[in-house]
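Residue numbers (the numbering used here): 353 to 676.
Note that CB positions come from ideal geometry on N, CA and C, so glycine has one too.
Okay, so here's the structure we're looking at.
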């Protein structure tokens, strides 16, 4: 067992107090040291850590995976970070095991963060009734409708709490460069990556997406999610739609630094769930530059598709994070 694992297990697994209104302050202090290492795996000469922590945003435990490249482990220079957002039904494990991001990230000195897709273990009626809504299907927004609004706050979790917990960790934080962060994702996670990038322009240096739900207010997946999670339904959903956000003039950052890959054999693309053409059209409409959308003949929606191009998405992030 490595030194970091020994120290981390000793220091990070302290019992966390019950979250109550009277202990909020001590819980918030404790949560910064509450990353628990469930597993440490050597891969591509780096380290993959499977982690959990108690979230004050979702009021549930949250799981995530973290890959630290060998360059950061062996030097005093922290690694830039690429956050990967998973799609519907997924957990941190899917892309970690099947996306093949770690290989190129190890070579370039890029750290990878794989958060979960939603809070878990709640007793919300209907949260497990369908695969495309509820647990593992958060759409990376802060819900405003009952009963979801108390726990489904994934926009705040991804953009605020998660980086705070990681970067303030005394054992893992020193390996990560909090000033150089990019974001990517697949399907629902591609939607999340695009929208969080556009809304939090101070947090990310670039964005990429595999088969993203690019215009969710115009597709069945998005309509179902927004009508369920948001008190304002589809109209409020425009605040969580990459096409509508760009049309609103939100982007002030010049070159979009955005890469999108879509497979022409993807049934969800064929059935109008993804709508990448609408993303291309609004970029042209608004006179913006820096979006590259690539259509790959025959590829589907699976991790076979993602693994085929994950190295290029790692390189895209690395280029804008100063590694290439």
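At the level of alpha carbons, what is the spacing between residue i and residue j?
i	j	result
residue 452	residue 663	8 Å
residue 629	residue 583	28 Å
residue 604	residue 593	17 Å
residue 633	residue 462	32 Å
residue 625	residue 502	28 Å
residue 619	residue 647	14 Å
residue 409	residue 492	13 Å
residue 500	residue 428	42 Å
residue 376	residue 411	At residue 376 the pLDDT is 29, less than 50, meaning the model places this residue with poor confidence and gives no usable figure here.
residue 657	residue 538	10 Å
residue 635	residue 641	7 Å
residue 362	residue 576	Note that residue 362 has pLDDT 35, beneath the 50 cutoff, so the model's placement of it is unreliable and the number below is only indicative. Going by the C-alpha atoms only, they are around 44 Å apart.
residue 520	residue 598	33 Å
residue 660	residue 544	21 Å
residue 554	residue 600	18 Å
residue 517	residue 413	13 Å
residue 380	residue 552	Low confidence applies here, because residue 380 scores a pLDDT of 33, under 50, leaving its location unreliable; read the following figure in that light. Cα to Cα, residue 380 sits roughly 23 Å from residue 552.
residue 508	residue 396	32 Å
residue 433	residue 532	6 Å
residue 523	residue 513	17 Å
residue 494	residue 476	16 Å
residue 637	residue 596	12 Å
residue 373	residue 474	At residue 373, the pLDDT of 26 sits below 50, so the modelled position is not reliable; the number obtained from the coordinates is stated separately. In a straight line, the C-alpha of residue 373 is about 19 Å away from that of residue 474.
residue 504	residue 556	22 Å
residue 497	residue 587	13 Å
According to DSSP, what are the bridge partners of residue i?
i	result
residue 564	Looking at the DSSP assignment, residue 564 forms no beta bridge with any residue, so it has no partner.
residue 643	610
residue 536	436
residue 653	Beta-bridge pairing links residue 653 to no other residue.
residue 648	615
residue 528	431
residue 559	535, 610
For residue i versus residue j, is the C-beta distance shorter than 8 Å?
i	j	result
residue 441	residue 483	yes
residue 467	residue 437	yes
residue 398	residue 454	yes
residue 403	residue 425	no
residue 627	residue 566	yes
residue 489	residue 470	yes
residue 393	residue 400	yes
Could you name the residues of the same chain whose beta carbon sits closer than 7 Å to that of residue i, not counting the 5 residues immediately before and after it, in chain order?
i	result
residue 585	578, 579
residue 591	none
residue 478	486
residue 589	568, 569, 574, 578, 582
residue 571	565, 624, 625, 627
residue 472	412, 487
Can you give me the Cβ contacts of residue i inside the same chain, cut-off strictly under 6 Å, excluding the 5 residues immediately before and after it?
i	result
residue 547	592, 594
residue 644	611
residue 558	534, 609, 669, 672
residue 665	536, 560
residue 391	402
residue 602	550
residue 506	490, 492
Give me, in chain order, the residues of the same chain whose beta-carbon lies closer than 8 Å to that of residue i; leave out the 5 immediate sequence neighbours on both sides.
i	result
residue 431	420, 421, 423, 424, 461, 462, 463, 527, 528, 529
residue 650	615, 616, 617
residue 444	402, 415, 416, 417, 438, 466, 467, 468
residue 621	563, 614, 615, 628, 653
residue 480	486, 487
residue 447	436, 438, 453, 466, 538, 655, 658
residue 675	432, 460, 461, 462
Say the cut is 7 Å; is the CB of residue i nearer than that to a heavy atom of the ligand HEM?
i	result
residue 593	In the structure shown, the ligand HEM is absent, as is every other ligand, since no ligand is present at all.
Kindly indicate if chain C contains any beta-carbon less than 8 Å away from that of residue i.
i	result
residue 511	The structure shown contains no chain C; it holds only a single protein chain.
Which residue spans inside the region 377-446 form an unbroken alpha helix (DSSP H) run of at least 4? Counting whole runs of 4 or more residues, the region 377-446 contains the alpha helix (DSSP H) stretches 422-426.
Which residue spans inside the region 442-508 form an unbroken beta strand (DSSP E) run of at least 3? Counting whole runs of 3 or more residues, the region 442-508 contains the beta strand (DSSP E) stretches 463-467.
Taking the runs of the alpha helix (DSSP H) that are 4 residues or longer, which of them lie wholly in the region 572-601? Assignment of alpha helix (DSSP H) within the region 572-601, counting only whole runs of 4 or more residues, yields 572-581, 585-589, 594-599 in chain order.
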